[in-house]
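Chains as they are written, first to last, in the numbering used here: chain A, 6 to 182; chain B, 5 to 195.
Positions of the beta carbon are idealized from the N, C-alpha and C atoms, including for glycine.
See below for the structure under consideration.
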Amino acid sequence: MMRRWLFPIFAGGLVALGAYQATLLATPYALMYAALKKIGSDEASNRFVFSKMATADNQPIVRPSPDLSYSTCVFDLSKGPVLVDVPPVPGRYWSLSIFDARTDVAAVRSDRDTKGAPARLALIKQGQMAPAGYEPVLLGYDRGLALVRILLANPSEFTAVDAIRRKSTCKQLATSN
Amino acid sequence: MKAWQRYAIGIALGLVGGTAFAVHQVRGGLNDGLVSNGPWETGKSFGTLDASTLTRAKVALSGLMALPAKEAMYFTATHDSDGRKLDGRCSYDVRGGTLDGRWWSVTLYEGEGWLVKNAAKRWSVAASAVTPDAQGRWSFTVSPDAQDGNWLPTGSAKAFDLTLRLYHPSPEVIANPEKAKLPVIERKGCA
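If you want it as structure tokens, here you go:
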């Protein structure tokens, strides 16, 4: 009797291992896909959205920091490289980070790295070239997120910081190929 | 029962069981099996290629778009310094000294990482908000009721967590987060 169940149970165990791994592997892609959809829902790809400060009533992503101003650009490299330009905000922590479709960080540039200069990144795929003046960031997937964090020591700084961050650009490089 | 029926049952149970166990593990909190330091827990590989499949899935659920350690470290406490679960009906003193990084803040979250509605509209205490004494020691209160001085409301949350963000942490903290000097969380009393 039990011997007849031996192989079915073994097969079930193998399927369980496979399903376990597949679920873990798929989770980041699925959650990133959902987040990109939520963030980019009312905006086209390849342009910055300048979010309001996070509050209990405004939480675009999970675990938002109420001390940081967030600007986001959902990028899509399927039609060519995307250029990201972020002006410096003097005297405070700020950073530009690039997340791929699997949630991994492809690049981070903070004020400590740029030493007062703007951050200028060219998001490219294999075979694409970064134009002069841009640091290349090679990505394995078409879609992802560019995220700018700027620290506010005090909410009253928002107006001044907002004026600077709105000069940030995220745009598709016009290509001939 | 025919052989194919036995296989169908085995495979169906495997599919459901494997998926359910994965979901259970991913939902089992951000910090299982990671580095502990008093009540705080963190990981060394958030947002990086080194992250394990499970860590990446957990971070995607509870800390999507987290920065890598050289940029910022995220320490999360779900318990006080005596090991009791953080309870929204209780008051806590959070006391610390100079933290080994450029800037820090402590934010209160509920659930998978959501800011808690509260009348005072306070969600975090940052380095710039506390008043250190001559030795660099500072403190603030976490409580359901308004407090004098620096205060983080628990709102109506039953359970909550505190996330300490340390931006541009020192190389020592990045290498040995378990040895970093972090704040204590002391329970004072419960309503």
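Rounded straight-line distance, which links the Cα of residue j to that of residue i
{"i": "T167 of chain B", "j": "W8 of chain B", "result": "51 Å"}
{"i": "A59 of chain A", "j": "S83 of chain A", "result": "31 Å"}
{"i": "R170 of chain A", "j": "Q131 of chain A", "result": "30 Å"}
{"i": "K172 of chain A", "j": "V91 of chain A", "result": "7 Å"}
{"i": "D36 of chain B", "j": "L90 of chain B", "result": "The predicted model places D36 of chain B with a pLDDT of 47, which falls under 50 and marks its position as unreliable, so this point remains unresolved."}
{"i": "T23 of chain B", "j": "A55 of chain B", "result": "20 Å"}
{"i": "G117 of chain B", "j": "V153 of chain A", "result": "20 Å"}
{"i": "V27 of chain B", "j": "P136 of chain A", "result": "43 Å"}
{"i": "W108 of chain B", "j": "T102 of chain B", "result": "10 Å"}
{"i": "G96 of chain A", "j": "L73 of chain A", "result": "14 Å"}
{"i": "K125 of chain B", "j": "L112 of chain B", "result": "12 Å"}
{"i": "L11 of chain A", "j": "G32 of chain B", "result": "32 Å"}
Collapsed DSSP secondary structure at residue i in the structure displayed
{"i": "S70 of chain A", "result": "coil"}
{"i": "K172 of chain A", "result": "coil"}
{"i": "Q177 of chain A", "result": "strand"}
{"i": "D167 of chain A", "result": "helix"}
{"i": "H158 of chain B", "result": "According to the sequence shown, residue 158 of chain B is Thr rather than His. Residue state, collapsed to three classes: coil."}
{"i": "T77 of chain A", "result": "strand"}
{"i": "G193 of chain B", "result": "strand"}
{"i": "A31 of chain A", "result": "helix"}
{"i": "L58 of chain B", "result": "helix"}
{"i": "R148 of chain A", "result": "strand"}
{"i": "F15 of chain A", "result": "helix"}
{"i": "S128 of chain B", "result": "strand"}
{"i": "A135 of chain A", "result": "coil"}
{"i": "G18 of chain B", "result": "helix"}
Minimum Cβ-Cβ distance from residue i to chain A less than 8 Å
{"i": "F79 of chain B", "result": "no"}
{"i": "P72 of chain B", "result": "yes"}
{"i": "F144 of chain B", "result": "no"}
{"i": "T167 of chain B", "result": "yes"}
{"i": "A161 of chain B", "result": "no"}
{"i": "R60 of chain B", "result": "yes"}
Min CB distance residue i to chain B below 8 Å
{"i": "A16 of chain A", "result": "yes"}
{"i": "A61 of chain A", "result": "yes"}
{"i": "W99 of chain A", "result": "no"}
{"i": "V179 of chain A", "result": "For the record, residue 179 of chain A in the displayed sequence is Ala; it is not Val. Not one chain B Cβ lies under 8 Å of A179 of chain A."}
{"i": "G23 of chain A", "result": "yes"}
{"i": "A155 of chain A", "result": "Strictly speaking, residue 155 of chain A in this sequence is Ile, with Ala absent from that position. Chain B, which has no Cβ nearer than 8 Å to the Cβ of I155 of chain A, makes this no."}
Cut-off 6 Å between Cβ atoms - residues of its own chain near residue i, not counting five sequence neighbours on either side
{"i": "Y146 of chain A", "result": "D105, A106"}
{"i": "P71 of chain A", "result": "A59"}
{"i": "G159 of chain B", "result": "V120, K121, N122"}
{"i": "L178 of chain A", "result": "G85, P86, L88"}
Close beta carbons around residue i, own chain, < 8 Å, minus the five adjacent residues each side
{"i": "D104 of chain B", "result": "L170, P173, S174, E176, V177, A184, K185"}
{"i": "S144 of chain A", "result": "For the sequence presented, residue 144 of chain A should be read as Leu rather than Ser. Excluding positions up to five away in sequence, the list reads L82, I103, D105, A111, L128, I129, K130."}
Residues near residue i by beta carbon distance below 7 Å, same chain, minus five either side
{"i": "A40 of chain A", "result": "I66"}
{"i": "D84 of chain B", "result": "P43, L90, Y96, I189, E190, R191"}
{"i": "A35 of chain A", "result": "none"}
{"i": "A168 of chain A", "result": "none"}
{"i": "R8 of chain A", "result": "none"}
Rounded distance between the beta-carbons of residue j and residue i, thought under 8 Å
{"i": "R117 of chain A", "j": "L126 of chain A", "result": "The Cβ separation is near 16 Å, so there is no contact."}
{"i": "L150 of chain A", "j": "A124 of chain A", "result": "About 15 Å; that fails the 8 Å criterion."}
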